[in-house]
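Student: Dumping the structure here so I can ask a few things about it.
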Amino acid sequence: MTMPPLPEPLPHHRLARLSVRHRWWRPLVGTLVVAVVYMIAVGVLYVVLEELGSRKGYPEGPDGAVEFGPVSGTAVDLLLLAVATPVVLLAVRWIGQRPAGTVSSVTGRLRWRWLILCMLTALPIVALAMGGMFLLPADGDEEFRWAGWAVFGPALAMLVVLVPVQAAAEEYVFRGWLTQAVGAFVRSPWFAFLPQAVLFAAAHGWGTPWGFTDLVVFGVAAGWLTWRSGGLEASIGLHTVNNLLAFAGSAATVDGLRSDETAADASWPLVALDVTSIALYTAAVVWLLRRRPQARTAPAPLPPGPPPAFATPYAPVTGTPATPPWAGRPTPGTPVPPPYPGTPVPPPYPGTPVPPPYPGAEAGAADQP
3 MTMPPLPEPL PHHRLARLSV RHRWWRPLVG TLVVAVVYMI AVGVLYVVLE
53 ELGSRKGYPE GPDGAVEFGP VSGTAVDLLL LAVATPVVLL AVRWIGQRPA
103 GTVSSVTGRL RWRWLILCML TALPIVALAM GGMFLLPADG DEEFRWAGWA
153 VFGPALAMLV VLVPVQAAAE EYVFRGWLTQ AVGAFVRSPW FAFLPQAVLF
203 AAAHGWGTPW GFTDLVVFGV AAGWLTWRSG GLEASIGLHT VNNLLAFAGS
253 AATVDGLRSD ETAADASWPL VALDVTSIAL YTAAVVWLLR RRPQARTAPA
303 PLPPGPPPAF ATPYAPVTGT PATPPWAGRP TPGTPVPPPY PGTPVPPPYP
353 GTPVPPPYPG AEAGAADQP
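Under the working numbering, the letters of the sequence shown match residues 3 to 371, in that order.
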């Protein structure tokens, strides 16, 4: 019997089809659930944080909302974004009917050593790009004014803790859930990269065409690295280092964290430096992957096969089976020796009648008194 060919392994953008319970509607329903549950979670968390801020004595703004200040306000914004990670993981597990870790990588978990290596690789590249941005002429009369360690120290501590979870949350949403949701319907990774990249840029708002283009390039590069390395670690590493250095630069200046500008508002010189750093990082990760290959695919689920053919409980028996011998039982045709060869049978006790050999037989002479 010829065995059917095994299904092809699944790359990261196709892992929504990993479950044997996969149905075409699961990615669509899951996307709707992720959006709705995230908005509910953000609303609940915001109310809780507002109440805590009011009890801590933070002033209220003109709109009645609590004014947390630049450092605490940035922490609130980062926390509201970080809520997306558990929402995505729950959607993968409950709606996708597959292990939650399959959104992290093809191995079913986050590869921490690879993530740390990617962050260390991104650090000098992004730092050089940031340094080049500070050398560019400032817009208008803006000048760099050092905020002082009393402000920068607490802000930096907060950023080191919260920026990684915020950056990871965005990667889990865009390069994780959305890419795999589209990849459930298309085989080409490029068709899975483009929608999430555009949505990623739109989520940062519309500033300048250059800034929007920069975010799309980042989204496509992060999606390609996810596909090439088999997981989110490379994109999380770049996103974390980029955001951490950008926020740290803002925190180092007076009222820098109060600014509402995002990457979408970047000018073309800034975009040129950022795109260059993205290209250098991508090339560096590809070089690392050649020296330290990472798993890129996961085994596809086996299709359900035909039910096994069971044999009858007992094989048909023809003729008369021979009785197997066992200890103490002779085989047929074997003479039976006397129980005690040469041992005379003792006479019965005096006065004890001997029973006749068969009914009706007369008693022998030994029975006479």
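For each residue, glycine too, the CB sits at the ideal point set by N, CA and C.
On a predicted model such as this, the values are computed, not experimentally measured, just so you know.
1) Please look up how many angstroms separate the CB atoms of Gly-225 and Arg-16, rounded, as I've assumed it's under 8 Å.
2) With contact counted as at least three CB pairs below 8 Å, one residue from each stretch, are the segment 249 to 260 and the segment 194 to 202 in contact?
3) Going by alpha carbons, who is nearest to Ile-280 out of Met-132, Ala-183 and Glu-52?
4) Leaving out the 5 sequence neighbours to the left and right, which residues in its chain are closer than 7 Å to Ala-254 when beta-carbon positions are compared?
5) Please check the pair Ser-21 and Gly-98, which I expect to be a contact at CB under 8 Å, by giving their CB distance rounded to whole angstroms.
6) Is Thr-210 helix, strand or coil by DSSP?
7) Going by CA-CA distance only, name the one from Thr-215, Val-288 and Ser-269 that's closest to Thr-228.
8) Looking at Leu-234: is its Cβ nearer than 8 Å to the Cβ of Arg-177?
9) If you draw a straight line from the alpha carbon of Leu-119 to that of Leu-125, how long is it in whole angstroms?
10) Between which residues of its own chain and Pro-371 is the CB-CB distance below 6 Å, once the five residues before and five after are set aside?
11) Let me make sure I understand the geometry here. Which of Gly-232, Gly-134 and Ala-205 has the alpha-carbon closest to that of Gly-1?
12) Less than 7 Å separating the Cβ of Trp-151 from some heavy atom of the ligand MN?
13) According to DSSP, which residues form a beta bridge with Ala-300?
14) So, is Ala-170 buried or exposed, given that buried needs 16 or more other C-beta atoms within 10 angstroms?
15) Three-state secondary structure (DSSP) at Ser-279?
16) Can you name, in chain order, every residue of its own chain whose Cβ lies under 7 Å from the Cβ of Ser-106, other than the five neighbours on each side?
17) So, is Val-36 buried or exposed, given that buried needs 16 or more other C-beta atoms within 10 angstroms?
18) Asp-262 to Asp-65, Cα distance in whole Å?
19) Could you give the DSSP three-state label for Trp-27: helix, strand or coil?
20) Got a sec? Which residues, its chain only, sit under 7 Å from Val-68 by beta carbon, not counting five neighbours each side?
21) Just verifying my parser: in three-state terms, what is the DSSP assignment at Ser-372?
22) Kindly indicate which residue of Phe-70, Thr-181, Ile-42 and Gln-168 has the alpha-carbon position closest to the one of Thr-87.
23) Do you know whose CA, among Met-41, Phe-70 and Met-121, lies nearest Val-85's CA?
24) Alpha carbons only, please: which of His-241, Thr-299 and Val-78 is nearest the one belonging to Leu-117?
25) Note down, one range per segment and in chain order, each alpha helix (DSSP H) of at least 4 residues found wholly within the segment 107 to 181.
26) Please list, in chain order, all residues of the same chain as Tyr-283 whose beta carbon is under 6 Å from its beta carbon, the five residues on each side excluded.
27) In the DSSP output, which residue or residues are listed as bridge partners for Val-87?
28) For the alpha helix (DSSP H) containing Ile-238, name the first residue and the last one.
29) Please tell me whether Val-73 and Pro-13 are closer than 8 Å, where the distance is taken between their beta carbons.
Tutor: Working from what's here:
1) In fact, because the Cβ distance is near 13 Å, the residues do not count as touching under 8 Å.
2) no
3) Met-132
4) Trp-148, Ala-149 and Phe-154
5) 6 Å
6) coil
7) Val-288
8) yes
9) 10 Å
10) Confidence is the limiting factor: at Pro-371 the pLDDT is only 40, short of 50, which leaves the residue's position unreliable, though a coordinate-based value still follows. Excluding positions up to five away in sequence, the list is empty.
11) What is shown of the chain runs 3 to 371, which leaves residue 1 out entirely.
12) Within the structure as shown, the ligand MN is missing, as the structure has no ligands at all.
13) Leu-12
14) buried
15) helix
16) Leu-112, Gly-233 and Leu-234
17) buried
18) 17 Å
19) coil
20) Glu-52, Gly-55, Ser-56, Tyr-60 and Glu-62
21) Limits of the chain in this structure are 3 at one end and 371 at the other, which puts residue 372 out of reach.
22) Gln-168
23) Met-41
24) His-241
25) 114 to 137 and 151 to 173
26) Ala-124, Ile-127 and Leu-240
27) Checking the displayed sequence, the identity of residue 87 turns out to be Thr instead of Val. Partner(s): none; Thr-87 has no beta bridge.
28) 235 to 253
29) no
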